[in-house]
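Line by line, the protein sequences give chains A and B. With my numbering, letter number 266 in the first sequence gets 266, and the count goes up by one each step, no holes. With my numbering, letter number 223 in the second sequence gets 223, and the count goes up by one each step, no holes. Before any comments, here is the structure.
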Amino acid sequence: MELVCPAGSLPALKAAVDNGASAVYVGFKDETNARHFSGLNFKEAKVQSALSYARSKGVKLFVAVNTYSQPDGWAKWQKAVDIASNVGVDALIAADMGVLDYATQKHPDLNLHLSVQGSGTNSESLSFYKNNFNIKRAVLPRVLSLKQVAQVAKKSPVDLEVFAFGSLCIMAEGRCYLSSYLTDQSPNTCGACSPASFVRWQETDAGLESRLNDVLIDRYGEGEKAGYPTLCKGRFDIDGEISNVLEEPTSLNTIGLLPELDAIGIKAVKIEGRQRSPVYVEQVVKVWRQAIDEYQRSPDGFNVRPQWTKALAKVSEGAQTTLGAYSRSWQ
Amino acid sequence: MKVSLGPILFFWPKQKVFDFYEQMLQTSVDTIYLGETVCSKRRELSTAEWLELASHLAESGKEVVVSSLALLMAESELSTLRSICEKAPVKVEANDISAVQILSEKGLPFVCGPSTNIYNARTLKLMQKQGAVRWVMPVELSGHCLQTILQQAEEMGFADKIETEVFSYGHLPLAFSARCFTARYLDLPKDNCKFSCIDYPEGILVKSQEQQKLFNLNGVQTQSSDIYNLLAQKAEMQAMGVDMLRISPVEEDTAQIIERFNAVDQSKQNMIPLSDEFCNGYWYAKPGMDTVSEFDAI
């Protein structure tokens, strides 16, 4: 099983490669990828050095061009695809059908993966992407239960990759405009959710307040741990009751599901977090490499080690982890 | 320019659905979309009953289109979709690429709904070649984007082969999830949701802790609490070549809203000022929740 790891910078990429990634995924320094944050990502020349470093250690490099191209910016998306192909990356991860079509026509040898942003949640949809763009792999959205993943895997015409660890999107990826409703920027259009430029923190008499484009997302009492104001994780009011109406700040951790994921034929597990530090990448990749190796050595005797759980909990958002949609109870 | 009625996004009792459509037949609406697009567990009407209703409404001479589910996660949902594509007496609206796959394989003409993610002319052309005869722009795109896409479609030589529809009135469909937020609010597991969204015929209002209206929970769908309203942009859309304006059903006054959209003439004197329950920011490439008055926009 392939371990696909995130990198938002060259040090993070080295951390991933050195600690056991099978492949590393990166994006360019613009809105063509779904982690378009300032100070993050790679220029063309840096992608070249990233590729050289990864290749020297036998690790693959994937490039994500996985936002939706709007008409005024088409040249940018086209260029991103051209660079990825010319550099010779191992796969291009894309969501927009226009981008996939261009890549198929212009660079027929480029290996294409359907991004999680492509919202391919079932076998018929994956067949469309396979028939029209000859994708080789699809990354499944984090909305499916394990049983549903197994159903898709049974009929999927392409290899499947699933999210294994990291931030949890409560909404179907590629189908969420909550961020643009409040800020004018969404993951689909700009590669940003609840963008930092709209975030404001304010100490008030009522507590520490987090705002997104002036909208109050959360208010923290003394001693409460404050989190980034991703808007689906805010505390809102329904009929006078204040709660995490959509989602609590938790992270996804599926390490205990490794045997099941392998049994249903999942070919790759993905770590989320191109926006996270090299230290995060190092710690998470190290644990997952150990887990996969141990599982492969002795599939029947696989047990999650307490030190893995502890190490992963330390770097988790909200410091608690869940199985997300993989566990039916979550749904 | 024609006016269409989008599918009912809420879960209404069967009789209410029948009564609603009987009333719609009396309006000047040109096209009626119907069917369950949000949650497969909503079965006040079976698939067969939706298709029967479609046949019945089509007898009136209005165009009728069967809308299909937006988020398909289970084999059972794919089976329902296949059955709709096979048996629908009228065109189908694809709201997921799975529907595009099934319909294009059968060589049937279809409509690309607002969640099929058509963000550029290249994607639009691809859909047109697969059999799409009409598309609905993603709600988060601006008027400027639409204009550019339509100009490019013209240059690419396929603009006259596909109609353009714009979501012009109603709570904006903003997100889909596997989790049911209505059940979560009521502390019910989704597996035993008791179909409780039927008790919220226009969703559950979510406000910030400062009482700012934000969202509208509708089962697995999250909508804007404000009503998106592009009545004042009708003339602009007509000039761009938009063919159809979509009105998304609300509990009260849908008939009157249709008449207003059909009656409003293109002179600026008839512009209706937007009240604070309306928003139109997306059209102006601003946050969707914003309200831009005509004066601000110019």
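We put the beta carbon where it would ideally sit given N, CA and C, even for glycine. These numbers were taken from a predicted model, which means no experiment stands behind them.
For the region 85-139 of chain B, the full-length beta strand (DSSP E) segments reaching 3 residues or more read 91-94, 110-112 and 132-136 along the chain. Within the region 185-203 of chain A, the residues whose Cβ lies closer than 8 Å to some Cβ of chain B are Ser186, Asn188 and Thr189, listed in chain order.
Closest in alpha carbon position to A:Gln148, among B:Val92, B:Gln151 and B:Glu75, is B:Glu75. Residues Leu231 of the same chain have their beta carbon placed closer than 7 Å to that of B:Arg260, with the five preceding and five following residues left out of the count. A residue is called buried when at least 16 other Cβ atoms come within 10 angstroms of its Cβ; A:Ala7 meets this threshold and is buried. The alpha-carbon separation between B:Leu150 and B:Ile97 amounts to approximately 22 Å. Annotation: A:Leu61 to A:Ser49 spans about 11 Å, alpha carbon to alpha carbon. At least 9 Å separates the beta-carbon of B:Val206 from that of B:Glu163. Within the DSSP secondary-structure output, B:His144 pairs in no beta bridge. According to the DSSP assignment, A:Ile135 belongs to no beta strand (DSSP E), since it is labelled neither H nor E.
In its chain, beyond the 5 residues on either side, Ala12, Ala15 and Ala16 have a beta carbon closer than 6 Å to the beta carbon of A:Val281. For B:Thr31, the uninterrupted beta strand (DSSP E) segment begins and ends at Thr31 to Leu34. Take A:Pro259, set aside five residues on each side of it, and the residues of its chain with a beta-carbon closer than 8 Å to its own are Tyr295, Pro299 and Phe302, in chain order. Counting along the chain, B:Gln15 sits inside the alpha helix (DSSP H) bounded by residues Lys14 to Leu25. Bounds of the beta strand (DSSP E) holding A:Asn253 are Ser251 to Asn253.
In the three-state reduction of the DSSP assignment, A:Asp101 falls in the helix class. The C-alpha of A:Gln185 lies about 31 Å from the C-alpha of B:Glu251. The Cβ of A:Ala95 sits closer than 9 Å to at least one Cβ of chain B.
Shortest Cα-Cα distance from B:Val90 to any of B:His56, B:Ala121 and B:Asn117 involves B:His56. Put simply, of A:Leu178, A:Gly174 and A:Gly98 the residue whose alpha carbon is nearest the alpha carbon of A:Ala34 is A:Gly174.
Shown here, A:Pro299 sits in a helix according to DSSP, grouped into three states. Where A:Ser243 is concerned, the enclosing beta strand (DSSP E) starts and stops at Glu241 to Ser243.
Each residue's CA atom was taken as its position, placing A:Tyr129 and A:Asp237 some 41 Å apart.
At a cut-off of 9 Å between C-beta atoms, A:Thr230 does not count as an interface residue with respect to chain B. The alpha-carbon of B:Ala178 is positioned some 26 Å away from that of A:Val284. A:Ala313 sits in a helix when the DSSP states are folded into three classes.
One finds Tyr177, Ser180, Tyr181, Leu182 and Asp184 in chain A with Cβ atoms closer than 8 Å to the Cβ of B:Gly288, taken in chain order. Partner residues in the beta bridge of B:Met244, as assigned by DSSP, are B:Lys2 and B:Glu165. Following the DSSP letters along the chain, one finds A:His36 in no alpha helix (DSSP H), marked with neither H nor E. Here A:Leu168 carries a coil assignment [DSSP, helix/strand/coil].
Across the set B:Lys14, B:Met289 and B:Leu186, the C-alpha of B:Met289 shows the shortest separation from the C-alpha of B:Phe278.
With the criterion set as a beta carbon lying under 8 Å from some beta carbon of chain A, the region 239-258 of chain B has no members that meet it. Legend: CB atoms of the region 120-138 of chain A lying less than 9 Å from CB atoms of chain B belong to residues Gly120, Thr121, Asn122, Ser123, Glu124, Ser125, Leu126, Ser127, Phe128, Tyr129, Asn131 and Asn132.
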